[in-house]
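**Student:**
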Amino acid sequence: MASKLDEEMFESSESDDSDTELQKAFMRGELKVGLNRPAFVPRAQRPSINNVEGIKQKLEHITKNLDWIETMDVIFDGGEEEKEEENNNTTEVHDDFKREMRFYKQAQHAVTTAIPRLHSLGVKTNRPEDYFAEMVKTDEHMQRVRAKLLSKQQGIERSDKMKKLREMKKFGKKVQQDVLQKRQKEKKEMIESVKKYRKGNKQAAPEFMKDDDFDINTEKEKKKSQGKSNKRKAKDKKFGHGGKKRGLKHNTKSSSADVSSFNSRKHSKAPRLNQPGKKRKAQRPGKSRRKKMKK
Numbered sequence: 001m002a003s004k005l006d007e008e009m010f011e012s013s014e015s016d017d018s019d020t021e022l023q024k025a026f027m028r029g030e031l032k033v034g035l036n037r038p039a040f041v042p043r044a045q046r047p048s049i050n051n052v053e054g055i056k057q058k059l060e061h062i063t064k065n066l067d068w069i070e071t072m073d074v075i076f077d078g079g080e081e082e083k084e085e086e087n088n089n090t091t092e093v094h095d096d097f098k099r100e101m102r103f104y105k106q107a108q109h110a111v112t113t114a115i116p117r118l119h120s121l122g123v124k125t126n127r128p129e130d131y132f133a134e135m136v137k138t139d140e141h142m143q144r145v146r147a148k149l150l151s152k153q154q155g156i157e158r159s160d161k162m163k164k165l166r167e168m169k170k171f172g173k174k175v176q177q178d179v180l181q182k183r184q185k186e187k188k189e190m191i192e193s194v195k196k197y198r199k200g201n202k203q204a205a206p207e208f209m210k211d212d213d214f215d216i217n218t219e220k221e222k223k224k225s226q227g228k229s230n231k232r233k234a235k236d237k238k239f240g241h242g243g244k245k246r247g248l249k250h251n252t253k254s255s256s257a258d259v260s261s262f263n264s265r266k267h268s269k270a271p272r273l274n275q276p277g278k279k280r281k282a283q284r285p286g287k288s289r290r291k292k293m294k295k
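Numbered according to UniProt numbering, the sequence shown spans residues 1 to 295.
1) DSSP state of residue 60, grouped into three classes?
2) Give the range of the alpha helix (DSSP H) segment to which residue 249 is assigned.
3) Determine the burial state of residue 197: buried for a count of at least 16 other Cβ atoms within 10 Å of its Cβ, exposed for fewer.
4) Within the present structure, is the beta-carbon of residue 29 separated from the nearest heavy atom of the ligand ADP by less than 6 angstroms?
5) Would the beta-carbon of residue 153 fall within 7 angstroms of that of residue 97?
6) By how many angstroms is the C-alpha of residue 201 removed from the C-alpha of residue 219?
7) If you reduce the DSSP assignment to three classes, tell me which class residue 54 lands in.
8) Would the stretch 110-120 and the stretch 64-76 be scored as touching if the rule is three or more Cβ pairs under 8 angstroms?
9) Could you check where the alpha helix (DSSP H) with residue 266 kicks off and where it finishes?
10) Comparing C-alpha positions only, which one of 93, 121 and 136 sits nearest to residue 67?
11) Less than 7 angstroms between C-beta atoms, sequence neighbours within five positions excluded: which residues of the same chain meet that for residue 128?
12) Kindly list the residues whose CB is nearer than 8 angstroms to the CB of residue 3, restricted to its own chain and excluding five residues on each side of it in sequence; keep chain order.
13) Could you give the residue range of the alpha helix (DSSP H) that holds residue 294?
14) With DSSP run on the structure shown, which of helix, strand or coil describes residue 241?
15) Can you tell me which of the three DSSP states residue 172 falls into?
16) Please identify the residue among 126, 241, 95 and 139 whose C-alpha is closest to the C-alpha of residue 156.
17) Could you tell me the boundaries of the alpha helix (DSSP H) in which residue 109 lies?
18) Among residues of its own chain, excluding the 5 on either side of residue 110, which ones have a beta-carbon nearer than 7 angstroms to its beta-carbon?
19) Tell me the rounded alpha-carbon separation between residue 266 and residue 260.
20) Pick out whichever of 46, 20, 54 and 99 has its Cα sitting closest to the Cα of residue 145.
21) In the DSSP assignment, the alpha helix (DSSP H) including residue 69 goes from what residue to what residue?
Here is the structure:
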């Protein structure tokens, strides 16, 4: 604890000494307005060196004039199509299929150029029969790479096609709705104009009804009342003309004594029971009797 207190006292004394020194310098007029820090001294710039002659001498020293068989370098300019794309700035960088095709063309050009040159120099290009080493990437591997690139490209084309189909479907539905609304509107206007024409307003008739051949009277003529019809008379006789209906069918002295509707031949026949010509159907026995019969 004592050591910590001594350190704090020492730091506070140092800060007090620095403050007193700044006050004395300010009294002497040595301090100026702004931050009191030493002036920035820039570093001395290194002189630029461009020793062209030395660079050329070094290049001549490291250059080796070797035969083509030692390097076997073949330059591929890319073809006319790729030159046009570079000139027009239409090269598709993210097209993996085109990039692989360019690698393939470059390799093909190198083979077709280098093999005849090697043959002219007497260098064999075919494998010996006892040489069984394979290349870094086999043909099967490259076929898989090609198939994967083709499937990726087909997937992109399929998704673009589906997007276009969805957009066309939305547009087709909108057009179909507009056509249906237009037809419904025309049908409603046609019905209203026909109704007005039937009521006698010939100016509101549709175009096909304005011809002279269609000039007929479609208004139903009201039939003049020529008395009551037989149907109306029968209903009036049955149900009356309104008013009180209760008690109309009660018997009276005269109605109970009236026997004009009695027919002796019809109402005096006795019931026909046990006729010899007909046999009654045997009745099914009950549940208890059926159980006894089973026993």
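Where a beta carbon is used, it is the ideal one built from N, C-alpha and C, also for glycine. Quantities reported herein were computed from a predicted structural model and do not represent experimental measurements.
**Tutor:** In terms of the structure at hand:
1) Here residue 60 corresponds to residue number 60 of the sequence shown, with the count starting at 1. Helix at residue 60.
2) Counted from its first residue, the sequence shown places residue 249 at position 249. Neither: residue 249 is in no alpha helix (DSSP H) and is coded neither H nor E.
3) Residue numbering aside, residue 197 sits at position 197 when the sequence shown is read from its first letter. The residue in question, residue 197, is buried, as its Cβ has 16 or more Cβ neighbours within 10 Å.
4) Judged by which ligands are present, the structure shown has none, so any question about the ligand ADP falls away.
5) Here the question's residue 153 lines up with position 153 in the sequence shown. Here the question's residue 97 lines up with position 97 in the sequence shown. Contact: yes.
6) In the sequence shown, counting from the first residue as 1, residue 219 sits at position 219. In the sequence shown, counting from the first residue as 1, residue 201 sits at position 201. Confidence at residue 219 is low in this model, with a pLDDT of 49, below 50, so the placement of that residue is unreliable and no value is reported for it.
7) As a working mapping, residue 54 is identified with position 54 in the sequence shown. Residue 54: helix per DSSP, three-state reduction.
8) Segments in contact, yes.
9) As a first step, residue 266 must be located in the sequence shown, where it is residue number 266. Secondary structure note for residue 266: its alpha helix (DSSP H) is the uninterrupted segment 264-267.
10) To locate residue 67, count along the sequence shown from 1; it is residue 67. Nearest option by C-alpha distance: 121.
11) One-based indexing of the sequence shown puts residue 128 at position 128. The answer is none, since no qualifying residue turns up.
12) As a working note, residue 3 is residue 3 in the sequence shown. Low confidence applies to residue 3: its pLDDT is 49, below 50, so where it sits in the model is not reliable, and the reading given next is rough at best. So no residue of the chain qualifies.
13) In the sequence shown, residue 294 corresponds to position 294, counting from 1. Following the DSSP letters along the chain, one finds residue 294 inside the alpha helix (DSSP H) bounded by residues 287-294.
14) Translated into positions along the sequence shown, residue 241 becomes position 241. Note: residue 241 maps to coil in three-state DSSP.
15) On the sequence shown, residue 172 is found 172 positions in, with the first residue counted as 1. Reduced to three states, the DSSP call for residue 172 is helix.
16) As a first step, residue 156 must be located in the sequence shown, where it is residue number 156. Nearest of 126, 241, 95 and 139 to residue 156, Cα basis: 95.
17) On the sequence shown, position 109 is the one that residue 109 refers to. 96-120 is the span of the alpha helix (DSSP H), which, as asked, contains residue 109.
18) Translated into the one-based positions of the sequence shown, residue 110 becomes position 110. So the qualifying residues of the chain are 74 and 76.
19) Counting from one through the sequence shown, the residue named residue 266 turns up at place 266. Counting from one through the sequence shown, the residue named residue 260 turns up at place 260. Straight across, the Cα-Cα distance linking residue 266 with residue 260 is about 13 angstroms.
20) Counting from one through the sequence shown, the residue named residue 145 turns up at place 145. Comparing alpha carbon positions, the residue from 46, 20, 54 and 99 closest to residue 145 is 99.
21) Counting from one through the sequence shown, the residue named residue 69 turns up at place 69. Run containing residue 69: 68-71, per the alpha helix (DSSP H) assignment.
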